[in-house]
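Read in order, the letters of the sequence shown correspond to residues 1 to 649 in UniProt numbering.
By construction, the Cβ of each residue, glycine as well, lies at the ideal position given by its N, Cα and C atoms.
All of these numbers come straight from a predicted model, not from anything done at the bench.
Encoded as structure tokens, the structure appears first; notes follow it.
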Amino acid sequence: MKKMLIILLMLVSGIPLLSSTVLSYFLFTKPLEADYYAVNSGKADVFKTETQAYINERMEFVKALARTSAIKNFDLPAAKKLIADVQKVYTDIGMALDDNQGRQVARGDDVKLGTVSKREFYQEAISGKEEVASKWLKSTTTGKPIVILAAPVRTDDGKIAGVLQAAINLDALKKFVTKWSVNGVTAYILDQDGKVIVHPNEKAMAETKDMSSQPFVQKAIKGHSGSEEITGENGERKLVSYVYDPRTHWIICMEKTYEEYNAVSKEMLLTNLAVLVVTMIIVVLISIFISNRITRPIVQLVRATESLKNGDLKVNIASKGKDEIGRLAQNFQVMVAGLRELLKHVAVSTEVVSAASQQLTASAQQSAANAEQVTAAIAEISGSAEKQAGFANDTTVLVDHIVSEIKQIVADSTKAASASQGAAQLAATGGKSIESAVAQMHSIESSVADSANVVAKLGERSTEIGQIIDTISGIANQTNLLALNAAIEAARAGEQGRGFAVVAEEVRKLAEQSETAAKQITHLIGEIQVDTDNAVVAMNKGNTEVKLGTDIVSQAGQTFNEIIDQTNEVSQQIRVISASIEDMAVSGQKIVAAINNIDNMSKSNANQTMQVSAATQEQVASVDEIRKAGQALVETADQLQTAVSKFSL
């Protein structure tokens with residue numbers, strides 16, 4: 001009970017503690033994960049703001065430069081000098097002025113002028129779009145990825161005279177992704193097609209890795225921003241926050257592993273488990289203390305009952321408790337005291353009863369001994385008379401029975417003699433019937449053998465017919481081949497052989513029909529042969545059974561002949577026995593008359609002796625009952641004393 005109580009207290013306290021620990025862990029990890037998402041998303045927003053500020057600054061500068069007089073008037077020397085001076089300040093860009101035909105007319109460096117009329121950024125700007133940010137391009141001069149910022153150049157009357165472009169080397173943006181790519185964070189930029197244009201990993205940036213298959217990239221291409229959980233290349237769990245930039249159509253990404261989140265959640269889990277373990281240890285100690293306090297009086301009661309079971313009534317339970325268990329111990333102590341007093345009174349009463357019963361038993365035994373002597377003498381006389389009468393009576397009954405049996409035997413012997421004669425006649429008739437049956441069985445055996453021979457010959461004829469059918473089939477095949485050859489020759493003869501071809505075709509058909517009929521006959525002959533074989537097997541089996549039946553019937557005929565001989569002999573012996581029994585019946589009647597006289601005298605003596613014996617037996621029975629009652633009383637007193645002696649008072 002102590003163990004059960006400890007386990008119960010542990011379950012009652014442990015289950016809520018475990019539930020609260022698990023619940024608090026999950027309740028804490030949810031906001032922790034939300035904060036993790038929010039922090040990463042905030043970093044992505046800041047990253048976007050930095051890159052956006054970088055691009056906006058240069059975009060606004062290009063637009064402002066396009067409004068200068070040297071640029072909008074296409075003063076090429078002044079424009080070239082202006083662009084060159086600007087590139088000295090903004091070393092991360094390369095600028096050029098394009099006319100309305102897409103020809104570069106001025107550059108800030110010494111690179112050969114080119115044509116950009118087919119470039120998408122030029123077409124958008126020349127068509128009137130105020131600010132254009134191109135897709136990433138590979139520079140024709142450096143081979144590195146660049147982005148073109150372009151703005152239309154308008155004359156004073158508002159007409160578009162050309163385009164001012166600024167090529168930004170994407171390596172300049174790498175300082176931003178490098179700055180943010182620390183502590184498990186990877187910052188990178190994708191273009192509007194989902195390809196990597198800026199990445200801290202040189203290989204990923206050089207290969208312009210395509211990430212358009214990622215679900216978050218597809219959402220970002222459509223202009224959405226947010227945070228999602230993804231699986232890295234190594235199968236690790238990662239969080240990516242993405243922001244769409246409508247000006248450049250870039251996707252600003254902030255990718256972070258879950259190491260920091262896992263570390264915090266693991267630390268929290270370990271803390272909760274430690275608190276749970278410490279709490280459970282305290283609960284176990286408290287449970288042991290409470291269980292000891294509750295079970296101590298129960299253990300005392302158990303020990304007291306074990307002592308009581310062994311007959312020790314000296315047990316004493318000291319309990320001062322006011323609860324139910326304390327009252328139970330006090331009541332138990334009162335019950336033991338009452339039982340002790342009861343057994344003392346029983347012991348005294350048992351001694352008194354035992355002494356009185358022993359005295360009564362002694363007197364009864366003396367009276368019983370005297371009565372038994374008288375009874376024995378009378379019983380001996382009565383027994384002798386009864387035996388004499390019984391013997392006479394038994395002899396009379398036996399002789400009467402013998403005479404009666406002799407008469408019955410005489411009658412039965414006469415009937416048996418008649419019956420044996422009839423049985424002999426019937427046996428003779430049965431023997432003749434058996435001989436007829438044997439002859440008939442031999443006839444059936446011959447018929448079955450003849451039938452088997454006929455069926456066997458039928459099978460041989462079927463085989464011969466099958467061989468003939470095979471010959472017919474061979475002839476039909478040859479005829480078919482000849483008809484086919486004739487048809488071929490008729491075809492070669494042309495118009496003159498047409499009639500012969502018709503005849504050859506009819507011959508071929510007849511040959512095919514003959515072959516088909518031969519196959520059908522062959523099939524039927526095969527079935528007949530199978531049935532014939534089965535019939536031969538059945539005939540042979542029937543012939544075997546007939547032979548066996550013939551042998552059995554022959555044996556029965558021999559047995560009937562033996563029965564006839566034995567029956568005649570028995571009939572003769574019965575007639576001799578019947579004559580002897582009739583003589584015995586006459587002598588038996590004389591013996592019966594003599595025994596009846598002896599029986600009458602024995603019965604008269606026996607009746608007088610039985611009257612005296614009955615009176616004496618009644619007296620003996622009364623004394624014996626008194627003796628038995630005294631003995632029972634003594635035994636009961638002994639048993640009671642034995643039971644009381646088991647207890648220690």
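Residue i versus the options, residue with shortest Cα-Cα distance
i: residue 152; options: 276, 146, 143 and 162; result: 162
i: residue 442; options: 491, 530 and 554; result: 554
i: residue 503; options: 520, 517 and 480; result: 480
i: residue 7; options: 331, 306 and 289; result: 289
i: residue 650; options: 287, 169 and 158; result: An answer regarding residue 650 cannot be provided, because it is not within the stretch 1 to 649 covered by the chain.
i: residue 166; options: 84, 470, 512 and 541; result: 84
i: residue 225; options: 42, 551 and 631; result: 42
i: residue 48; options: 246, 278 and 565; result: 246
i: residue 283; options: 583, 18 and 638; result: 18
i: residue 210; options: 220, 202, 227 and 190; result: 190
i: residue 551; options: 515, 278, 439 and 625; result: 439
i: residue 11; options: 278, 275 and 287; result: 287
i: residue 470; options: 119, 491, 519 and 298; result: 519
i: residue 193; options: 147, 208 and 212; result: 212
Start-to-end residues for the beta strand (DSSP E) that takes in residue i
i: residue 153; result: 145-154
i: residue 256; result: 250-257
i: residue 190; result: 185-190
i: residue 163; result: 160-169
i: residue 97; result: 93-99
i: residue 106; result: 104-107
For residue i: DSSP bridge partner residues
i: residue 227; result: 241
i: residue 210; result: 195
i: residue 132; result: 150
i: residue 137; result: 146
i: residue 115; result: 103
Nonlocal neighbours in the same chain, by C-beta distance under 6 Å from residue i, ignoring five residues either side
i: residue 181; result: 187 and 200
i: residue 132; result: 121, 124, 125 and 150
i: residue 115; result: 102 and 103
i: residue 66; result: 151, 153 and 164
i: residue 70; result: 78, 79 and 82
i: residue 15; result: none
i: residue 639; result: none
i: residue 204; result: 196
i: residue 50; result: 176
i: residue 185; result: 256
The alpha helix (DSSP H) enclosing residue i, as first and last residue numbers
i: residue 89; result: 76-89
i: residue 68; result: Unbroken run through residue 68: none, as it is neither H nor E.
i: residue 125; result: 120-126
i: residue 220; result: 215-221
i: residue 175; result: 174-180
Cβ shell of residue i (< 7 Å), same chain only, five flanking positions each side left out
i: residue 45; result: 243
i: residue 512; result: 480
i: residue 40; result: 227, 239, 241, 254 and 256
Residue i: CB within 7 Å of a non-hydrogen atom of the ligand ADP
i: residue 558; result: Although the ligand ADP was asked about, the structure shown includes no ligands whatsoever.
Beta-carbon proximity list for residue i, same chain, < 8 Å, skipping 5 on both sides
i: residue 231; result: 237 and 238
i: residue 128; result: 152 and 160
i: residue 87; result: 93, 94, 95, 108 and 109
i: residue 72; result: 66, 153, 154, 155, 156 and 161
i: residue 118; result: 102
Sufficient close CB pairs (3 or more, under 8 Å) joining the segment 98-117 to the segment 61-78 = yes
Decide if the segment 167-183 is in contact with the segment 192-204; the criterion is three or more beta carbon pairs, one per stretch, under 8 Å apart.
-> yes
So, do the segment 129-147 and the segment 47-64 have three or more beta carbon pairs nearer to each other than 8 Å?
-> yes
Mind the definition here: the segment 478-494 touches the segment 505-523 only if three or more C-beta pairs lie below 8 Å; say whether that holds.
-> yes
Decide if the segment 213-225 is in contact with the segment 245-261; the criterion is three or more beta carbon pairs, one per stretch, under 8 Å apart.
-> yes
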